[in-house]
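Peer 1: Following our numbering, the numbering of the sequence shown begins with 12 at its first residue and continues without gaps.
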Amino acid sequence: MLITRTPFRVSFFGGGTDYQEYFSEYGGCVLSTTIDKYCYLSMRQLPPFFEYQNQFTYSKIERFNKPSEVQHPLVRAALEYLPTERIQIAYDADLPACSGIGSSSAFAVGLLQSLHALRN
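(1) Helix, strand or coil for residue 60 per DSSP?
(2) Curious, which full-length alpha helix (DSSP H) runs of at least 4 residues does the region 29-61 contain?
(3) Going by alpha carbons, who is nearest to residue 49 out of 115, 85, 25?
(4) If contact is defined by three or more beta carbon pairs under 8 Å, each pair taking one atom from either stretch, is the region 99-110 in contact with the region 43-57?
(5) From the DSSP secondary-structure annotation, give me the bridge partner or partners of residue 24.
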């Protein structure tokens, strides 16, 4: 089992200047820091005893066989980018989603880190 802990961040200014459409024309600069609140992901191989091949648990439970069946857009994109079979992913955090504290970014970083680690 893999467990990641990714810190949330606070941006003081410059948010949005990290988009290629913006910084390629205007440049960009962001000042941010992390705080002592975290996003946690646990990941393990799912045993072959279930009728579904994968499970993702967050505010709901998604059971699926192919990444294209996942409703959560970040998980779907990550599993299409780094295909992994028979995986169980669970998400928890110190702060609620959509809090404006970079929860989506922290989740994406932790998810990709876990998938890369699982694949060695």
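In this text, a Cβ means the ideal position worked out from N, Cα and C, and glycines have one as well. For clarity, every value in this text was computed on a predicted model and none was experimentally measured.
Peer 2: The structure says:
(1) Mapped onto the sequence shown, residue 60 falls at position 49. Coil.
(2) Counting only runs of 4 or more, we get 31-37.
(3) On the sequence shown, residue 49 is found 38 positions in, with the first residue counted as 1. For residue 49, the nearest C-alpha among the options comes from 115.
(4) A contact exists between the region 43-57 and the region 99-110.
(5) To locate residue 24, count along the sequence shown from 1; it is residue 13. Answer by DSSP bridge pairing, in chain order: 42.
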